[in-house]
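Chemist: Residue numbers (the working numbering), protein chains in the order written: chain A, 4 to 726; chain B, 210 to 285. C-beta: ideal position from N, C-alpha, C; glycine also. Keep in mind the model is a prediction, meaning the values are calculated, not measured.
#1: Check whether chain A comes within 8 Å of residue 280/B, counting only Cβ atoms and requiring the distance to be less than that.
#2: Report the neighbours of residue 255/B on chain A: residues whose CB is nearer than 8 Å to its CB, in chain order.
#3: Check whether the Cβ of residue 121/A lies closer than 8 Å to any Cβ atom in chain B.
#4: In this structure, what does DSSP give as the bridge partners for residue 168/A?
#5: At 8 Å on the CB atoms, spell out the chain B contacts of residue 249/A, in chain order.
#6: Which residues in the same chain as residue 434/A place their Cβ atom closer than 7 Å to its Cβ, once the five residues preceding and following it in sequence are excluded?
#7: Quick one: which chain A residues come within Cβ less than 8 Å of residue 258/B?
#8: If you measure between the beta carbons of residue 62/A and residue 5/A, is that distance less than 8 Å?
#9: Hey, how far is the Cα of residue 183/A from the Cα of residue 241/A?
#10: If you drop the 5 nearest sequence neighbours on each side, which residues of the same chain put their C-beta closer than 6 Å to that of residue 215/B?
#11: With which residues is residue 147/A paired in a DSSP beta bridge?
#12: Alpha carbon to alpha carbon, how far is residue 69/A from residue 492/A? Give it in angstroms, no decimals.
#13: Compute the beta-carbon to beta-carbon distance between residue 670/A and residue 443/A, rounded to the nearest angstrom, for a pair I have assumed lies under 8 Å.
#14: Can you tell me where the beta strand (DSSP E) with residue 269/B in it begins and where it stops?
#15: With a cut-off of 8 Å on the beta carbons, I'd call residue 99/A and residue 264/A a contact; round off their distance for me.
#16: Who are the Cβ neighbours of residue 137/A in its own chain at under 6 Å, not counting the five residues just before and after it?
#17: When the Cα atoms are used, what is the spatial distance from residue 401/A to residue 666/A?
#18: Please list, in chain order, all residues of the same chain as residue 680/A whose beta carbon is under 7 Å from its beta carbon, the five residues on each side excluded.
#19: Chain A beta carbons: is any one of them nearer than 8 Å to that of residue 262/B?
#20: Along chain A, in chain order, which residues have C-beta atoms closer than 7 Å to that of residue 218/B?
#21: How is residue 335/A classed by DSSP in three states: helix, strand or coil?
#22: On a CA-only basis, which of 605/A, 95/A, 716/A, 321/A is nearest residue 14/A? Give me that one, please.
#23: Distance check for residue 59/A and residue 159/A, CA to CA, integer angstroms please.
#24: To which residues of the same chain is residue 48/A closer than 8 Å at the C-beta, ignoring the five residues directly before and after it?
#25: So is the beta-carbon of residue 713/A under 7 Å away from any non-hydrogen atom of the ligand SAH?
#26: Cβ of residue 253/A less than 8 Å from any chain B Cβ?
#27: Please report the Cβ distance between residue 252/A and residue 212/A, rounded to the nearest whole angstrom; I am assuming they are in contact, meaning their Cβ atoms lie under 8 Å.
#28: Can you name, in chain order, every residue of its own chain whose Cβ lies under 6 Å from the Cβ of residue 376/A, other than the five neighbours on each side?
#29: Once you ignore the five residues that flank residue 148/A on each side, which residues in its own chain have a CB closer than 7 Å to its CB?
#30: By the DSSP assignment, the alpha helix (DSSP H) with residue 368/A in it spans what residues?
#31: Are the CB atoms of residue 408/A and residue 354/A nearer to each other than 8 Å?
#32: Going by beta-carbon coordinates alone, are residue 250/A and residue 241/B separated by less than 8 Å?
#33: Give me the Cα-Cα distance between residue 64/A and residue 239/B, rounded to the nearest whole angstrom.
#34: Which residue comes first and which comes last in the beta strand (DSSP E) that contains residue 264/B?
#35: For residue 21/A, which option in 82/A, 150/A, 104/A, 109/A has the closest C-alpha, if you only look at C-alpha atoms?
#36: Please name the residue in 432/A, 490/A, 606/A, 528/A whose C-alpha comes closest to that of residue 706/A.
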């Protein structure tokens, strides 16, 4: 099978080129065993017709530090797979020397290579002239200048790929190596030959260089212990000769690149990229830059919070209308429940996240493609450093305050897997918008929300402020603790390229966003659907036949004993009461009772327990579940009957259930507990194993329990908030 | 005491001499173009003073002070 790889540095215009080459039909999947996107599509060559084209993750070199880099290295060097038929290397003309580091490494591996010189319009505008014919001659490969957004040079590139496919493989850029380095490479090479690694001499030499540079990286899958030892020995021998092998390997390659660049590039204005520097002077300015940063983040937040709201409303309306329509078509019974509340409810629970995910990714892709996202990391890195995180963790963490699901997906912009996991595991502690209805209901039930503190602030706003502060402190602390325990490791060094500012292309933004949304619907959607059905079953079964008969009889009585104008109201009340009794009889109800002894020290009874179980579907479901428990149909957080029932509810001995103290305990529980199966599904999908979502569920539940216990017990001890 | 990238003034043109950093970090920075012998200039500091922005091999690279202070340079 003919496979053409597309490689290149991050920000080298690889994605745009891939879209140009292959159209919109890319299939996105995971590489086996790692959560790295594998984008594959077909490419139509002028003579050979359709061939497979794989877009590799962007890397700066063939050294492996992360799963992304290893995936790219394995594909290019043909480790554990056939070597590629050809590799297109996207090379950013505005940063030619650094891009040639990867390009020459790939050429040296002996695979047929075509260099696509991207951003040539930009280079020209900033006074960089590249003699591409001379460059081609020195590198021994075809060099095609392109302007991908306009499609310039794409036909020439396809022709060059066609030629490369029929070529004998074996071009190399001879990097002059001194004696010590040569000896080290030869030693490792012969070891690799014994191990039968490397398809050709050139590939083996490239693999030897890779082994020496990468041998001590964590978790590399394809590095055998024997190869590792060979690299270690080679380094030790070189050290005995007073040579730092890394330094020589890299410097000698760059020396060669510098020669090539000097001979092929003319810079008319040496102080180029002035345009980007001038924008940076403002955007990273101590005052102006900080102010703009705050404004951009405020807009991001507003987008997630406010703009998505009407769309979410429409989705919810459509889902409930569909549920109503389908429900009307099916006969009463468990099957209708399964279809309407289980399946349709589950679909609704999934697609309700689409507006926020789509908006966040439109925003992030825009910021990323324009170059500002790298500046966000630059500006905020110092602050994030306080808890051992990278500047790039900021946007995902902030998004968590709107909703954890898109925020977890947004951790993809971070390179280090450890950082990504830490951020992913801390995000669910940020107080998402689904917690608000709970705060509102509980505050209304236990406080007089309009009463004032110090004459200025309402009690309601003080409570909200306290909950958000708690959530910020908890999320940052969790990140710091995770870094020192489960995901122990030094704070990774910041090596961040600030690419030139560019105008983002709407088409790229739409594609990237759609790819995200589709993967969420397929991967996380199935888990969410399954969990919704499970939860529906817990809340609906078994049913008590006795209750059913009793309410049948009561309904029959209504027809005789209640005046016609009041009948409908009375029937509604009965339906609510019946649902409440059935819920108490259901598995969830029994579970609620069973856990009451565990929840009692927190100040919660079995009814709040059922609410907490129901809230696992989504936190706002707490309110409607409580509505059912207390026999009120159609309850929301502002409904007076539910608030009044909550105020009136008591323990069996007559003590009030919800006091200001137990209300605080309940809200603290909601801040800290991981009551969201969709978050679990998203973390499962993004981390690639069940281990991390289970850790998340475990640590947040423990944290929530202990914190609520402390609030309630200490409060009781000092005797506050019990009236 | 050598000059380091952490202490040279903004805009000062320098040449990298030595990276006194753990192996993996040094390798990473060298692969990004910050090799001994490379010309480098500190363009600006982030609003909170850290990290800093460098110009090396024709592009902009940001690293933290903690690393910059261990990269020895010669003023050009």
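Modeler: Let me spell this out:
#1: Sequence index remark: in the second chain, residue 280/B carries index 71 (1-based). No - not a single Cβ of chain A is within 8 Å of the one on residue 280/B.
#2: The residue given as residue 255/B occupies position 46 in the second chain. Ordered by position in chain A, the residues that pass the 8 Å Cβ test against residue 255/B are 287, 381, 382, 384, 385.
#3: The residue given as residue 121/A occupies position 118 in the first chain. It does not: the Cβ of residue 121/A has no partner Cβ on chain B nearer than 8 Å.
#4: As a working mapping, residue 168/A is identified with position 165 in the first chain. The partner list for residue 168/A (beta bridge, DSSP) is empty, contrary to what the question assumes.
#5: The sequence position of residue 249/A within the first chain is 246, counting from 1. The contacting residues are 232, 235, 236, 239.
#6: Here residue 434/A refers to the residue found at position 431 when the first chain is read from its first residue. So the qualifying residues of the chain are 404, 470, 471, 474, 674.
#7: Within the second chain, numbered from 1, the residue matching residue 258/B stands at position 49. Simply 385.
#8: What you label residue 62/A is simply residue 59 of the first chain in a count that begins at 1. What you label residue 5/A is simply residue 2 of the first chain in a count that begins at 1. No, the pair does not count as a contact, with Cβ atoms beyond the cut-off.
#9: Here residue 183/A refers to the residue found at position 180 of the first chain. Here residue 241/A refers to the residue found at position 238 of the first chain. Using only the alpha carbons, I get a separation of about 6 Å.
#10: For the purposes of this step, residue 215/B is taken as residue 6 along the second chain, with counting starting at 1. Cβ within range, chain order: 274, 277, 278.
#11: Counted from its first residue, the first chain places residue 147/A at position 144. As computed with DSSP, residue 147/A is found in a beta bridge with 119/A.
#12: For the purposes of this step, residue 492/A is taken as the residue at position 489 of the first chain. For the purposes of this step, residue 69/A is taken as the residue at position 66 of the first chain. So the alpha carbons of these two residues sit roughly 14 Å apart.
#13: The residue labelled residue 670/A in the question sits at position 667 within the first chain. The residue labelled residue 443/A in the question sits at position 440 within the first chain. With 8 Å as the limit, residue 670/A and residue 443/A do not qualify as a contact, their Cβ atoms being about 10 Å apart.
#14: Sequence index remark: in the second chain, residue 269/B carries index 60 (1-based). 268–272 is the extent of the beta strand (DSSP E) around residue 269/B.
#15: Your numbering for residue 99/A matches position 96 in the first chain. Your numbering for residue 264/A matches position 261 in the first chain. At roughly 6 Å, the Cβ-Cβ gap stays under 8 Å, so residue 99/A and residue 264/A are in contact.
#16: Taking the first residue of the first chain as position 1, residue 137/A is located at position 134. Excluding residues within five positions, the ones whose Cβ falls inside 6 Å are 267.
#17: Taking the first chain and counting its residues from 1, one reaches residue 401/A at position 398. Taking the first chain and counting its residues from 1, one reaches residue 666/A at position 663. Distance between the alpha carbons of residue 401/A and residue 666/A: 27 Å.
#18: Counted from its first residue, the first chain places residue 680/A at position 677. Cβ within range, chain order: 531, 534, 619, 620.
#19: By 1-based counting over the second chain, the position of residue 262/B is 53. At least one chain A Cβ lies under 8 Å of residue 262/B.
#20: Reading the second chain from its first residue, position 9 is the one you call residue 218/B. Within chain A, no residue comes near residue 218/B; the closest Cβ sits about 17 Å away, beyond 7 Å.
#21: As a working mapping, residue 335/A is identified with position 332 in the first chain. In the structure shown, residue 335/A sits in coil (DSSP, three-state: anything other than H, G, I, E or B).
#22: Indexing the first chain from 1 puts residue 14/A at position 11. For the residues 605/A, 95/A, 716/A, 321/A, the minimum Cα distance to residue 14/A belongs to 95/A.
#23: Reading the first chain from its first residue, position 156 is the one you call residue 159/A. Reading the first chain from its first residue, position 56 is the one you call residue 59/A. Distance between the alpha carbons of residue 159/A and residue 59/A is about 22 Å.
#24: Here residue 48/A corresponds to residue number 45 of the first chain, with the count starting at 1. Correct list, in chain order: 54, 161, 164, 165, 168.
#25: Ligands are entirely absent from the displayed structure, and the ligand SAH is therefore not among its contents.
#26: By one-based count along the first chain, residue 253/A stands at place 250. Interface residue, yes.
#27: For the purposes of this step, residue 252/A is taken as the residue at position 249 of the first chain. For the purposes of this step, residue 212/A is taken as the residue at position 209 of the first chain. So it is a contact: roughly 6 Å between Cβ atoms.
#28: Reading the first chain from its first residue, position 373 is the one you call residue 376/A. Correct list, in chain order: 370.
#29: In the first chain, residue 148/A corresponds to position 145, counting from 1. Non-local C-beta neighbours of residue 148/A in its own chain, meaning closer than 7 Å and more than five positions away in sequence, comprise 120, 123, 135, 156, ordered along the chain.
#30: Sequence index remark: in the first chain, residue 368/A carries index 365 (1-based). Its alpha helix (DSSP H) spans residues 357–373.
#31: Position 405 of the first chain, counted from the start, is the residue given in the question as residue 408/A. Position 351 of the first chain, counted from the start, is the residue given in the question as residue 354/A. Cβ distance not < 8 Å, so residue 408/A and residue 354/A don't count as in contact.
#32: For the purposes of this step, residue 250/A is taken as residue 247 along the first chain, with counting starting at 1. For the purposes of this step, residue 241/B is taken as residue 32 along the second chain, with counting starting at 1. No. Outside cutoff.
#33: Translated into the one-based positions of the first chain, residue 64/A becomes position 61. Translated into the one-based positions of the second chain, residue 239/B becomes position 30. Rounded to the nearest angstrom, the two C-alpha atoms are 11 Å apart.
#34: Position 55 of the second chain, counted from the start, is the residue given in the question as residue 264/B. Counted as a single uninterrupted DSSP element, the beta strand (DSSP E) harbouring residue 264/B occupies residues 261–265.
#35: Here residue 21/A is taken as the residue at index 18 of the first chain, counted from 1. Residue 21/A has its Cα closest to that of 150/A, out of 82/A, 150/A, 104/A, 109/A.
#36: Locating residue 706/A in the first chain gives position 703, counting from the first residue. Taking only the C-alpha atoms, the option nearest residue 706/A is 432/A.
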